[in-house]
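Report on the following structure.
Protein chains: 2
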Amino acid sequence: MYELFFQNFNKKIPLTREEELQVKRYLTPKKLRKKQYLLQEGDICKSIAFIEKGALKAYSIDESGNERIIQFGMEGWVISDLYSFITGEPATYNIDAIEDAELVLIGKQAHEELLQQLPKYETFTRLNITGAYIAMQKRLTSILSSSLEERYANFIALYPDIVQRVPQHMIASYMGLTPETLSRVRQKMTRK
Amino acid sequence: MYELFFQNFNKKIPLTREEELQVKRYLTPKKLRKKQYLLQEGDICKSIAFIEKGALKAYSIDESGNERIIQFGMEGWVISDLYSFITGEPATYNIDAIEDAELVLIGKQAHEELLQQLPKYETFTRLNITGAYIAMQKRLTSILSSSLEERYANFIALYPDIVQRVPQHMIASYMGLTPETLSRVRQKMTRK
DNA sequence: CTATTTCATTGACTTTTGTCAATACTATTT
DNA sequence: AAATAGTATTGACAAAAGTCAATGAAATAG
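Chains A and B supply the protein sequences, listed in that same order. Offset between the first sequence (1-based) and the numbering used here: plus 1257. Offset between the second sequence (1-based) and the numbering used here: plus 1257.
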């Protein structure tokens, strides 16, 4: 249990056996079935979820009732409504499972105590958020300056596993497109 | 000198006088005139810049040669090509001054030593990047799910100072629009 | 195994946004 | 003061993306 979590942690910052046990005391496992919610808009986000297995999505609902996927989460990724988690304000995103999933939860209090007690945990957190920031900035840059073909090709190159495991209309939503438009982009690309 | 920098730092994490002096030794002041580069695409980004005064923009150039503004930086903000700074790879962004600016630079080595030496600096860094992440996520959500009118109204509400100080075509670029389209969005809004 | 929901594609049409060109106004430079 | 560069707006038209509807295929549930 928590194999992938500690594998990731140790890859960034090696922990002693004792430190692992110390961290482990703050973790809670959670399983989700496909389509189950981890978080619903309006609720307070009380934990950060590390994904051991499965796939999730974080999304908001626009005025026409369409899902707008803000983030996918696959094995080894972290998913959360960080805004709600940090501020204690109601969540603006929904998070649910695209596939049956196994999660490792870190509650808010656990998170704060770990930050206090274990400098390596703060470093781990800092590195994670920095990586997430850089990735999101690349995504934003690509939205602002690339053609749809380039963006989709880029998505495939970056996340081949997501392309395999997730329906295309969700990728369209992640890209800010309708499913029809993504279908046409693909058609155009395969004709080349 | 460095007033705003330490004001911000202390607001997040109070420093003792000694700690302030310790941090100060790692800082370098820098002035930029309007239109001067802080960083050019292809160079290695060797420092993070805290803005004491003035306005800057970080942008990439798309295939048609247009600026795509990925970030504005005003007083109290931090600006950098974090990807290049962290990895040591060539920068993908240009950063230049929209107005004459006064900066506080933290070089890469200074950054790393401070992280080692002063836990409060790591916490400061973590809080900064977390805030930047949340802000960028909101921007992305707004791009994915809101109309242009809503996005522009939101921008005005969030950054009234930028609207005052920066030409509209730059705001258009930041929003991923042509200047003409933003002009028409504004026209539509004022007619209401 | 069958029925049903989900998914991807395609076509016809509409709406949105971009492109190009012209104009006018402002700020800056010489 | 005149010349220049930068800025915002508007119009006519083109291109891109969305909408709606129909179809068929694949996945899932009963």
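All residues carry an ideal CB built from backbone N, CA and C; glycine is no exception.
Helix or strand or just coil, what does DSSP make of residue i?
| i | result |
| --- | --- |
| A:Tyr-1350 | coil |
| A:Thr-1285 | strand |
| A:Tyr-1294 | strand |
| B:Glu-1260 | helix |
| A:Ile-1343 | helix |
| B:Ala-1306 | strand |
| B:Glu-1369 | helix |
| A:Leu-1278 | helix |
| A:Arg-1443 | helix |
Please classify residue i: is it buried, with 16 or more other beta-carbons within 10 angstroms of its beta-carbon, or exposed?
| i | result |
| --- | --- |
| A:Glu-1406 | exposed |
| B:Ala-1414 | exposed |
| A:Arg-1274 | exposed |
| B:Thr-1285 | exposed |
| A:Ala-1392 | exposed |
| B:Gly-1351 | Here residue 1351 of chain B turns out to be Asn, not Gly, going by the sequence shown. Label assigned to B:Asn-1351: buried. |
| A:Glu-1355 | The question names Glu, yet the displayed sequence has Ile at residue 1355 of chain A. With 16 or more other Cβ atoms within 10 Å, it is buried. |
| A:Leu-1397 | buried |
| A:Gln-1240 | Within the shown structure, residues of chain A are numbered from 1258 to 1449, placing residue 1240 of chain A beyond reach of any answer. |
| A:Ser-1341 | buried |
| B:Thr-1438 | exposed |
Under 8 Å between beta-carbons, which chain A residues line up against residue i? List them in chain order, please.
| i | result |
| --- | --- |
| B:Thr-1285 | None at all; the shortest Cβ gap to chain A is about 22 Å. |
| B:Met-1393 | Tyr-1390, Met-1393, Gln-1394 and Leu-1397 |
| B:Glu-1379 | Pro-1376, Glu-1379, Thr-1380 and Arg-1383 |
| B:Ile-1343 | Thr-1387 and Ile-1391 |
Quick one: measure Cβ to Cβ for residue i and residue j, integer angstroms, because I've assumed they're closer than 8 Å.
| i | j | result |
| --- | --- | --- |
| B:Ile-1308 | B:Ala-1358 | 6 Å |
| B:Ala-1306 | B:Ile-1336 | 5 Å |
| B:Leu-1401 | A:Gly-1333 | Contact doesn't hold; Cβ gap of about 24 Å is too wide. |
| A:Leu-1360 | A:Lys-1287 | 5 Å |
| B:Asp-1353 | B:Gln-1293 | 6 Å |
| B:Thr-1387 | A:Ile-1386 | 5 Å |
| A:Pro-1347 | A:Ile-1301 | 6 Å |
Find the residues of chain A that neighbour residue i, judging by a C-beta separation of less than 9 Å, and give them in chain order.
| i | result |
| --- | --- |
| B:Leu-1339 | Thr-1387, Tyr-1390, Ile-1391 and Gln-1394 |
Please list the partners that residue i has in chain B, where partner means a Cβ-to-Cβ separation under 7 Å.
| i | result |
| --- | --- |
| A:Glu-1402 | A small correction: the amino acid at residue 1402 of chain A is Ser; Glu does not occupy that position in the sequence shown. Neighbours of A:Ser-1402 on chain B, chain order: Ser-1317, Asp-1319 and Arg-1325. |
| A:Gly-1433 | Ile-1400 and Leu-1401 |
Identify the contact partners of residue i in chain B, using a Cβ-Cβ distance below 8 Å as the criterion.
| i | result |
| --- | --- |
| A:Arg-1274 | Under the 8 Å cutoff, chain B gives no residues; its nearest Cβ is about 24 Å from A:Arg-1274. |
Quick one: complete alpha helix (DSSP H) runs, 4+ long, within the region 1375 to 1441 of chain B? 1376 to 1402, 1405 to 1415, 1417 to 1422 and 1425 to 1432, all fully within the region 1375 to 1441 of chain B.
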